[in-house]
Each structure stands twice: as structure tokens, then as C-alpha cells.
Amino acid sequence: MGTPVTDREQRILGIIETARAKRARFKDPRITMAHGAGGRATQTMIEGLLVPAFASAAGAEMGDAGAVSVDAADLALTTDSFVVKPIRFPGGSIGELAVNGTVNDLAMSGARPVALTLSLILEEGLDSDDLRAEVEAIAATARAADVEVIAGDTKVVQRGHADQMYLCTTGLGRIDPRARLSPASLRPGDRILVSGAIGNHGMAIMLARGEFELESEIVSDTRSLWPAADALMQAAGPSLHTMRDATRGGVASVLNELARASGVAIVLREGDVPVDPAVAGAAEILGIDPMYVANEGKLVAFVAPDAAAEALAALRAVPGCERAAEIGEVKTDPPGMVLVNTAFGGRRVMDQLVGDPLPRIC
Amino acid sequence: MRFVDEYRDAALGQALAGEILATVDPGRHYKLMEVCGGHTHSIYKYGIDDLLPDNVELIHGPGCPVCVIPMGRVDDGIAIAHQPGVIFTCFGDMLRVPGSQGTLLEAKAAGADVRMVYSPLDALRIAKQNPEREVVFFAIGFETTAPSTALTLKRAKAEGVANFSCVCNHVTIVPPLRALLESPDLRLDGFIGPGHVCTVVGARPLQFIPADYQRPVVVSGFEPLDILQSIQMILRQLADGRCELENQYKRVVPHEGNLRALEVLAEVFELRPHFEWRGLGFISQSALRLSDAYVDLDAEVRFSTPGVRVADPKACQCGEVLKGVIKPWECKVFGTACTPEHAIGTCMVSPEGACAAYYNYGRFAREREVV
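Those sequence lines, one after another, are chains G and R.
Here the first sequence is numbered in this note's numbering, starting from 1 and rising by one per residue.
Here the second sequence is numbered in this note's numbering, starting from 363 and rising by one per residue.
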């Protein structure tokens, strides 16, 4: 590593950089589960197929929600589908996710959620009590998030063509005048905040599936992030550069997306990232990095250095965000990469997820 | 976390890094091979490279069990997976390993019933739950995972589970190491020994490395302090002019190994006369197959497979990279024909392979200071 770079090596590094910088091309012959995992395959599908097809300014920014102005009203629109298995898990259920997930996509765009639509795709044979329980969960979660469900649709498909139920929600929000957010607005010096301990939702789901025969107290963190977004915008105003909820693919995937979108480097301090001991323990046993595990109620925020302390204090005052922490900083170089100063004192690259987070055999 | 955090203490790590710096001869370049993929993983995860002096280089060895599976074997697996009625089971990280016509993950998308399991016993359970289906377990791994496959096969035989069978790709660690060491252009100064394999086979089988090839070897644990300490032990040997087998991982690895596990292995498996390794070619007696007593459970006997050997592309120089003769970027196809998205050789297949690591992080590794 300490040897000088030769011309030939420089040339090869150049080839790699050129290949990396190229727009993603979607060439896979079939959809595999990796396309749904939130990592590189998902990104290739979105950037290589979807964005070019629906070219729009809002789509090109690839935020969680698209912005649209209607008669001088600044609105945000977003949609999300929910296919979680099992439909009920410690700490939540598919119905709660369907509301909070969409509410959070709006909140992360700086939009106060106003209304939702709900589509239900039901599998033939579904127990009506299960349906009733989820409808009640949706209603209760929507009330808690102060958002109305104003339209909906139902479809029933043959047994085996869906797994119990799939939900799809679309959310409309009003963009808050305090919001000055863009995924491309990260600046060197920005501080990175996370709203609490990470990895709980994904780990709760993995363990609830029962495949690992591990028992734990881990519960999903599903919750509305509007109160946290509200507090951050109030405390930091225009110094709040962007927010993301760290869902599929976890904090690592969000940071990679943003580093690329803004052309900056992100440097994390691993030891400062809050992780519950039970989540850390399960992740250790399974050989999975909590940074890649999904959350349903955690956001990552980028705040200019002068406002970072106030923003963190405001975040910690929000119920459910008591363990919010500053976990790193934005740097200039190497652009598009996420680096981690490990708790052990070394340094590594935290890359995009290549497929599903699979346990290693060795 | 108790019994974990103790091995990840940053202050102790810094102290060891200081000792290492004091041990190395600044005028000498050291190339040490970590044999096992698990070590490579830890080295990345904790950023251990970063704590080493510039003149200590770690070379990633042939011990990543998924990376060394040749394309022809993957093709055979996919062919079995596509047969009607088959449920094909394997470990998760096998799903992404490319054969000549794609991966098992793609076979699954194309309609094959491919399922990820965490243990071969899970595959046996699936077989018992689906008596009308043929359930095949695609076994991979070194001596570390072979005992669990062996126990599963023993149980399947004892319980008479007729619809269960196994494609055995288990490999052994000593022959590829010997093949590397036999190479006249070898440029390695010492070895970090594969701790997990040694929990089964013991430290003793690695004695040939210092005895026959005059290279120090230290059997190492997988926590960051384990690895740093092992590196320090190797460098100390080199500084003292010693060349020995040492065991840093004594808390787990007995010198003679796990005798009960070895007994089960001997009963269920026998050595193949030869086996192909991606990047290394054919190596004699380097892999296991089911013994005659278990032939009924051998999927290679039960199913017909193409069994075609798919040659590594001629331009691929994984062997030289593994031996430390060339650096990844010196390979003829590196970064052009061979990339992480379209890997040709073993070193590019796994994200932890030497070439994939260089492809992804090489530029960064060059720049020690982040602006």
C-alpha cells in the first residue's frame, strides 16, 4: 500500500472510475430477490429503467417523495407497498407499517402528511379476523399520525398468488415552508445525526420468522417520523440539508445513496452509532451488520455544523428519539464513498449492499 | 457484549499496532497470507489493514469456500435445481456464485425451487416435511462445515429419509496450501492459519508449513485482537529468525483437533482423487465425496448432471494473485473483462476476494488521509 502508483496502475484505476461513473444500465435477464433488497441491484433497476422512463425533475432527485405544485400549493406525493412476512411481529404489524412507512416518506421530504389512500390485495382464504385486526391497526396508526385515509381499493387473488395480504399506500403531504431539503445538498462539514438505535425492525422480523430459533425481546421500531422531522426543521431551519428514513438496506444504504447524490464522502464513527445490546447480539450471532438492517422509525439527518448541537438536542426531546446521536461528518474526498472509523481504531469502506444481507458461512 | 468486547478493545489494538511497528524491519516488505475468508472478513470489518505499517501487506488466501467452487460444479447444481420435483437447498452466500450460465439466485428467479438454509439439518427437515419432493443439499465448505453435513447425512441414513440427498463440494485446506507453497514463484513470508478449520482438524496438520516450506504459521482467532496478535507473532518469528507452528487460538483450537468430528468425517466421507478449484486448477485429494456406505444419499449418483468442466478463462491470473506474485491490477483482465458485476475469477467473485476488494477500495487504500 505504501508503494508508489505506477502509470499502468493509474490507468487501471482510471478505467474503474470511468466504469463507476457511468449511468447504471439495467441488463439483468430476470428479476431476482436482490432487486428488492435495496442495494446495488435495486439501484440499477431504478436508475437504469424507471428514472429514464419517467423523466421528471422530481424523479431525477430520487427523494422519498416527489414534489409537485398545484395552484401555488407545494405538495409532496409518495407511494409504497408492504409485503412483510409475517404480517404481525413483535412491536407492530403490516397495517402499522403501511401507514408509518408512507407518512415517513412524506416527513423526510419535509412534508406534513395530509391524506393517504390504501389498496388491499388479499389472498383467498385469509382469515377475516386477520383482516379486521389490520384494518383497525391502520385506522389507529393513521389517527396517531394525524392523517386521514380518504380513498381505497380492494382486490382478492387466488390462494398462492399473494401471501395473506399486501398493502399499498399513497400519501399526500403539504411541504413545510421551513424545509430546504435535497439529497444533493450535503456539504463538507455537515454533521450526521441518527434518531435512535438502529436495526430493531429488521432484526425483529428476521427473528419473528423463526428460522434462526433465537428468542429475543427485540421489537420493531415502527413509528411516525413527522414529530422528529418537525423538531429538526424547527431547530435547524435551512441548516437541515436532508433527511432520510433508513428503511430497507439500513443506514448503510441511505448513506451510500446520499454520498453519491451529493458527490461527497461520508465518514462515520462506528462507536457512536447507537445499537441495542439485543440487536447487536443477534447480529453478531447471525453474522449480519446492523448498519444494513432495516428500520421503520429511524431517520438520518444532515445538518450544517453550526446548527448540529441544537438539532440533536431538539431531536432528543422527541418521544422515541431519546437515544439520538451524532455519528459522523461529511467530507470532500473520496466522493461518493462511505468510510467508517471502526470502534477498534481501523478504517474501512462501507459499501452498498450487493444482494440481500445473507449470513456468511465462514 | 461479554466475551466479545474484550477481543475488540481499541486501546489494546493500538498497543499491538505499536508492537508490530517496533518489530518490523523498515527496509523489508512483508507479505502475509490470511488463509481463511473469515479472517479476510474480520480484517475488512475492523479496518485492521489500517493499523499495520505500510510494509506489511496481507494477501487474501484460497480459504473462501464459495469462491473456490468451480463454474462446472455450480452448473451441475443449477441443473439439479431445475429438475422437476426438486427442492434445492444451500447456504445463502452460495446463491450469488456465478456458474457459466448464471447463479442459483437467477435459477430461482427462472422457476427452480431454491431455498436458503442455515444448517444442513434445516434441509433434512424440509425433506421430512415434503416427502413427495426430492430435497438436495448443496454442501460447501472446508473442514469447518463438513462435520455438520456429515452428521446430517448420518441422521438421514438412520431415519431412512429417502428423498434427501447431498451434492458434496466439501474441500480440505492442506492440499491447496501445499499447492501454493510448491509454486516456485511464491512470494509469501508467513501464514495466518485458519482458526475455524483448525477447531476440527487441529493445529497439527499445518506443521508441514514450517517443516517442509520454511514459513511461519500462526493459527489465529477471528476477533481483531486475535488477528493483530497473530500478525505480531509471525513478525516476531521472522525477526528472531524462527520458523514455527504457533497457536494463538488456543482457547478454541486443540493441537489434535476435534476427535469426534474427525471420526464422523472419516465415516461419512472419503477423499476424491482430485477436485477442481476455481483459479487454482485441479488439486489431488483436495476434496471429499460421500463414502460407499452413504452412496444412496449422493445426489451426484441420484441425478444426472452435465458434469462438464468449465475452464477458467485463459487470461485469468487468480493463481498468481493468490500466490502474491502479481497484484490484482496487474492481471490481464482486471477491471476490463473481469469486474465485480461480471466476475471471471475467484478473486473477484466474493466481495472479500483480493481483486474485488481492490476494485472497490483500491483508490481509497492509496489515499491514507481523508480530506
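Even for Gly, the Cβ is constructed at its ideal location relative to N, Cα and C.
Helix, strand or coil at residue i according to DSSP, with G and I counted as helix
i      : result
R:I688 : coil
R:V436 : helix
G:E322 : coil
R:P578 : coil
R:S545 : coil
G:V68  : strand
R:K393 : strand
R:M710 : helix
R:H444 : coil
G:P227 : helix
G:S128 : helix
G:A213 : In the sequence on display, residue 213 of chain G carries Glu and not Ala. Of the three classes helix, strand and coil, the one that applies to G:E213 here is coil, per DSSP.
G:I266 : strand
R:R495 : coil
R:S592 : helix
R:C398 : strand
G:I12  : helix
R:C717 : helix
G:P113 : strand
R:Y611 : coil
Selected residue, minimal CA-CA separation from residue i, among the options
i      : options                        : result
R:S404 : G:A231, G:T342, G:L353         : G:T342
G:A278 : G:A204, G:R348, G:F26          : G:A204
R:R577 : R:L550, R:L590, R:Y720         : R:L550
G:G173 : G:V254, G:D146, G:L299         : G:D146
G:S185 : G:R260, G:I218, G:E123         : G:R260
R:P586 : R:V579, R:L378, R:R634         : R:L378
G:V149 : G:G160, G:G101, G:T117         : G:T117
G:M33  : R:G473, R:R664, R:G389         : R:G473
R:A601 : R:R390, R:F365, R:M363         : R:R390
G:E310 : G:R348, G:S239, G:A235, G:F302 : G:A235
G:K331 : G:P290, G:I138, G:A304         : G:A304
G:V439 : R:H704, R:N722, R:C709         : Because chain G here runs from 1 to 362, residue 439 of chain G falls outside it and cannot be looked at.
G:A307 : G:M108, G:E257, G:F212, G:M233 : G:M233
R:G603 : R:I440, R:M595, R:N609         : R:M595
R:A469 : R:K676, R:S481, R:C452, R:E419 : R:C452
Residue i, buried or exposed, once every other Cβ within 10 Å from all chains shown has been counted against 16
i      : result
G:H241 : buried
R:R458 : buried
R:S648 : buried
R:L486 : buried
R:T698 : exposed
G:R410 : Chain G is shown only over 1 to 362; residue 410 of chain G falls outside these bounds and no answer can be derived.
R:D437 : buried
R:S646 : exposed
R:E494 : exposed
R:H422 : buried
G:D190 : buried
G:D176 : buried
G:P319 : exposed
G:R244 : buried
R:F584 : buried
G:S56  : exposed
R:V733 : Confidence is the limiting factor: at R:V733 the pLDDT is only 38, short of 50, which leaves the residue's position unreliable, though a coordinate-based value still follows. Answer is exposed; the Cβ neighbour count stays below 16.
In DSSP terms, what residue i is bridged to
i      : result
R:K470 : Note: R:K470 sits in no beta bridge, so no partner.
R:D660 : R:C528
R:S646 : R:H636
R:I421 : R:M395
R:T451 : R:R477, R:F499
R:F504 : In the DSSP output, where bridge partners are listed per residue, R:F504 has none listed.
R:F631 : R:L652
G:F302 : G:I192, G:T242
G:R88  : G:S93
Q) Name the residues in the stretch 457-474 of chain R whose C-beta lies less than 9 Å from a C-beta of chain G; which are they? A) L457, R458, G464, T465, L467, E468, K470, A471, A472
Q) Got a sec: which bits of the stretch 398-413 of chain R sit with their beta carbon under 8 Å from any beta carbon on chain G, in order along the chain? A) C398, G399, G400, H403, Y406, K407, Y408, G409, I410, D411, D412, L413
Q: Identify each residue in the stretch 630-644 of chain R for which the Cβ-Cβ distance to at least one residue of chain G is less than 8 Å, and report them in chain order.
A: none
Q. Going along the chain, which residues of the stretch 475-492 of chain R sit with their C-beta nearer than 9 Å to a C-beta in chain G?
A. M478, V479, Y480, D484
(Q) At a CB distance below 7 Å, what residues from the stretch 674-699 of chain R approach chain G? Give them in sequence order. (A) W691, F696, G697, T698
**Q.** Cβ-based contacts, 8 Å cut-off: residues of the stretch 33-49 of chain G near chain R
**A.** M33, A34
Q.
Closer than 9 Å between beta carbons: that is the criterion. Which residues of the stretch 371-385 of chain R meet it against chain G?
A. D371, A372, A373, G375, Q376, A379
**Q.** Against chain R: residues of the stretch 342-354 of chain G by CB proximity under 7 Å
**A.** T342, A343, F344, G345, G346, R347, R348, V349, D351, V354
**Q.** Residues, ordered as in the chain, of the stretch 7-23 of chain G that lie near chain R by beta-carbon distance below 8 Å
**A.** R8, E9, I12, L13, I15, I16, E17, A19
Q.
If the cut-off is 8 Å on Cβ atoms, which residues from the stretch 277-301 of chain G count as contacting chain R, listed in chain order?
A. P277, A280, G281, E284, D289
Q: Could you please tell me which residues of the stretch 583-603 of chain R, in chain order, have their CB closer than 8 Å to any CB of chain G?
A: P586
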